[in-house]
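Some notes on the structure that comes next.
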Amino acid sequence: MKKRLFASIMSVVMVTALVAGCGAQQAQAPDAEAPVADTQATEAAAPESAAPEGKELNFKIVVKSFQSSYWQAAVTGVNQAAEELGVNVECNGPNAESDIADQVNMLTNYVNGAPDGIGLAACDQSACLDALQMAKDAGIPVVCFDSGCPDAPEGSVLSTIATDNYGAGATAAENMYAALKDTIANASAPVRIGEVNQESTSESITQRGLGFIDKFAELAAADGKKVAVVGNEFYVNGAKDKGDEASADVIIEVAVPAQTTVELCATEASAIMNKSDVLGIFGSNQVAAEGILSANENLNKLGSEPGKTILGVGFDAGSVIKGAVKDGTMFGAVTQSPLAMGRATVKTLYQIATGETVSDISTEGYWYDSTNMDSPDILPNLYD
43 MKKRLFASIM SVVMVTALVA GCGAQQAQAP DAEAPVADTQ ATEAAAPESA APEGKELNFK
103 IVVKSFQSSY WQAAVTGVNQ AAEELGVNVE CNGPNAESDI ADQVNMLTNY VNGAPDGIGL
163 AACDQSACLD ALQMAKDAGI PVVCFDSGCP DAPEGSVLST IATDNYGAGA TAAENMYAAL
223 KDTIANASAP VRIGEVNQES TSESITQRGL GFIDKFAELA AADGKKVAVV GNEFYVNGAK
283 DKGDEASADV IIEVAVPAQT TVELCATEAS AIMNKSDVLG IFGSNQVAAE GILSANENLN
343 KLGSEPGKTI LGVGFDAGSV IKGAVKDGTM FGAVTQSPLA MGRATVKTLY QIATGETVSD
403 ISTEGYWYDS TNMDSPDILP NLYD
């Protein structure tokens with residue numbers, strides 16, 4: 043099976059000299075310096091009122107929630123960097139990623155407090171625009187991480203630190219398709235691929251979901267198969283080619299729960315997995331992937347061994363997903379490094395506050411399965 047490893051955000055943090063001691067709770071980052079992903083060409087200069095020497099810097103960080111260990115790992119990275127740099131940080135976030143209004147209120151309150159900089163992982167890329175304009179008007183630099191805000195007021199966001207989520211979703215599709223290619227080629231009737239996305243509002247999740255859809259459709263079409271995308275309207279309309287279900291050989295069905303919980307993702311996953319034509323299912327983040335695994339506790343359909351009918355692919359890590367990948371229940375997953383992303387966010391805010399010029403940092407994700415998850419390139423990114 044094709045293994046495609048992408049450059050990790052850990053590399054960027056190594057280059058910025060913040061990586062010492064960085065890594066998942068059970069492992070340290072490898073000593074060897076990994077390739078650095080290209081940063082976008084646009085650069086942003088720090089505000090003219092850079093922090094005077096000796097001033098104590100105060101940064102505020104708004105995460106999407108504390109619901110998953112992904113965000114707990116990001117906060118750990120934030121705190122590590124703050125201690126190393128001697129700055130003060132305060133982290134906050136809503137209870138769930140669907141609590142968009144709560145996050146906007148937190149961001150607005152932080153802006154009103156006039157900190158030296160704000161790090162933001164936006165739950166909804168459009169809901170924060172007014173608060174970002176307020177921050178710009180107040181001269182408060184903002185660094186987005188995990189998810190960008192592409193429609194942010196010009197000059198309000200000085201750097202975005204995020205995985206290439208579209209490419210990472212494509213990586214999941216490539217690995218799933220490679221494993222199902224022969225089955226799809228020999229199918230005498232239409233087959234179905236499921237996708238569970240916890241929401242349709244944040245840039246990271248939507249791009250990841252669309253990346254999977256478009257790449258899987260592209261690969262199937264290259265093998266002479268007609269593909270249709272059905273289900274959630276946002277993803278159907280966002281796909282490069284939604285196709286025609288009536289004539290499709292491969293149907294990609296996309297589901298989004300009413301709220302971002304593992305339980306509701308499990309309900310959506312069960313509805314797809316109960317269909318007899320399903321070959322594979324993808325969960326585009328930790329919550330969605332754990333929802334698929336929760337659904338499987340009753341269905342017992344996931345796995346690649348004889349008697350199992352559905353190949354499961356996840357995203358992110360956490361103890362539940364790692365355990366499922368290790369024992370073969372889940373075929374594999376794509377992971378990021380939220381800990382390193384949190385560190386890089388504080389580092390970038392510090393650079394801005396001290397008058398340095400910064401740019402966007404775009405990185406890829408790692409594919410991992412039971413054969414490579416203990417390798418030194420992968421293990422540091424597999425947080426609990």
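Just so we're aligned: the sequence shown equals residues 43 to 426 in the working numbering.
Backbone N, C-alpha and C fix where the C-beta goes; we use that ideal spot for every residue, glycine too.
Keep in mind that this is a model prediction, so the values were computed, not measured.
Restricting to Cα atoms, I'd like to know which of the options is closest to residue i.
{"i": "V362", "options": "D416, A281, I334 and D166", "result": "I334"}
{"i": "S140", "options": "A212, C133 and N239", "result": "N239"}
{"i": "A288", "options": "V272, Y277, G349 and N316", "result": "V272"}
{"i": "K350", "options": "N274, I403 and D319", "result": "D319"}
{"i": "C307", "options": "L99, E237 and I420", "result": "E237"}
{"i": "T405", "options": "G211, D144, T150 and V199", "result": "G211"}
{"i": "A177", "options": "P195, K284 and P232", "result": "P195"}
{"i": "S246", "options": "G407, D419, I235 and S412", "result": "G407"}
{"i": "S198", "options": "Y208, V185, N207 and G209", "result": "V185"}
{"i": "F108", "options": "G135, T118 and G119", "result": "G135"}
{"i": "A138", "options": "G119, W113, N154 and A263", "result": "W113"}
Between the alpha carbons of residue i and residue j, how many angstroms are there, rounded?
{"i": "S326", "j": "F187", "result": "17 angstroms"}
{"i": "L127", "j": "N147", "result": "28 angstroms"}
{"i": "Q175", "j": "D158", "result": "16 angstroms"}
{"i": "K343", "j": "K223", "result": "19 angstroms"}
{"i": "I352", "j": "C191", "result": "35 angstroms"}
{"i": "L261", "j": "V104", "result": "38 angstroms"}
{"i": "A311", "j": "K317", "result": "10 angstroms"}
{"i": "G63", "j": "I226", "result": "Residue confidence for G63 is low, a pLDDT of 35 falling below 50, so the modelled location carries little weight; the figure read from the coordinates is stated next. The straight-line gap from Cα to Cα measures roughly 45 angstroms."}
{"i": "Y277", "j": "G253", "result": "10 angstroms"}
{"i": "M415", "j": "V355", "result": "14 angstroms"}
{"i": "Y410", "j": "D286", "result": "33 angstroms"}
{"i": "V400", "j": "Q393", "result": "7 angstroms"}
{"i": "I160", "j": "D402", "result": "15 angstroms"}
{"i": "S110", "j": "T309", "result": "18 angstroms"}
{"i": "A180", "j": "I323", "result": "46 angstroms"}
{"i": "P183", "j": "A173", "result": "12 angstroms"}
{"i": "D433", "j": "Q249", "result": "With the chain running from 43 to 426 in the structure shown, residue 433 is simply not present."}
{"i": "M315", "j": "K97", "result": "57 angstroms"}
{"i": "R46", "j": "G209", "result": "Low confidence applies to R46: its pLDDT is 39, below 50, so where it sits in the model is not reliable, and the reading given next is rough at best. Straight-line Cα distance between these residues: approximately 11 angstroms."}
{"i": "E398", "j": "P232", "result": "56 angstroms"}
{"i": "P348", "j": "A221", "result": "14 angstroms"}
{"i": "T490", "j": "L391", "result": "There is simply no residue 490 to check, as the chain begins at 43 and stops at 426 in what is shown."}
{"i": "E275", "j": "N338", "result": "26 angstroms"}
{"i": "G345", "j": "G251", "result": "22 angstroms"}
{"i": "A263", "j": "N279", "result": "18 angstroms"}
{"i": "N207", "j": "N154", "result": "31 angstroms"}
{"i": "V117", "j": "K257", "result": "32 angstroms"}
{"i": "P418", "j": "G119", "result": "19 angstroms"}
Is the CB-CB distance between residue i and residue j below 8 angstroms?
{"i": "A115", "j": "P380", "result": "yes"}
{"i": "V298", "j": "E241", "result": "yes"}
{"i": "A229", "j": "I255", "result": "no"}
{"i": "K19", "j": "Y152", "result": "Absent from the structure is residue 19, since the part of the chain shown begins at 43 and ends at 426."}
{"i": "N121", "j": "V129", "result": "no"}
{"i": "D358", "j": "A331", "result": "yes"}
{"i": "T29", "j": "L424", "result": "Since the first residue of the chain shown is 43 and the last is 426, residue 29 is not available in this structure."}
{"i": "S244", "j": "C165", "result": "yes"}
{"i": "S189", "j": "A163", "result": "yes"}
{"i": "A395", "j": "L149", "result": "no"}
{"i": "L321", "j": "R234", "result": "yes"}
{"i": "Q328", "j": "G365", "result": "no"}
{"i": "D283", "j": "A259", "result": "yes"}
Please tell me whether residue i has its Cβ less than 8 angstroms away from any Cβ of chain D.
{"i": "A123", "result": "Looking at the structure shown, chain D is missing, and only one protein chain is on hand."}
Tell me whether residue i, by its Cβ, gets closer than 7 angstroms to a heavy atom of the ligand PLP.
{"i": "A281", "result": "You won't find the ligand PLP in this model; it holds no ligand whatsoever."}
**OP:** For the segment 267-275 and the segment 283-302, state whether three or more C-beta atom pairs, one from each stretch, are separated by less than 8 angstroms.
**Re:** yes
**OP:** At 4 residues or longer, and completely inside the segment 197-231: list those alpha helix (DSSP H) runs for me, N to C.
**Re:** You should have 207-227.
**OP:** Could you tell me whether the segment 297-317 touches the segment 213-220, where touching means 3 or more Cβ pairs closer than 8 angstroms?
**Re:** no
Subject >> Validate contact between the segment 386-403 and the segment 192-210 using beta carbons, cut 8 angstroms, 3 pairs >> reply: yes
**OP:** Determine, using beta-carbon pairs with one atom in the segment 362-372 and one in the segment 163-171, whether at least three such pairs fall under 8 angstroms.
**Re:** The segment 362-372 and the segment 163-171 do not touch, with fewer than 3 CB-CB distances between them shorter than 8 angstroms.
Subject >> Runs of beta strand (DSSP E) wholly within the segment 266-316 (minimum 3 residues, chain order) >> reply: 269-273 and 292-297
**OP:** Entirely within the segment 96-135 and at least 3 residues each: give me those beta strand (DSSP E) ranges in chain order.
**Re:** 100-104 and 130-134
Original post:
In chain order, which continuous runs of the beta strand (DSSP E) of length 3 or greater are located wholly inside the segment 233-272?
Top reply: 233-238
**OP:** Please go through the segment 393-417 and give each complete beta strand (DSSP E) segment of 3 or more residues, from N-terminal end onward.
**Re:** 403-405 and 408-410
Subject >> Segments assigned beta strand (DSSP E), at least 3 residues, entirely inside the segment 348-373 >> reply: Here the runs fully enclosed are 353-357.
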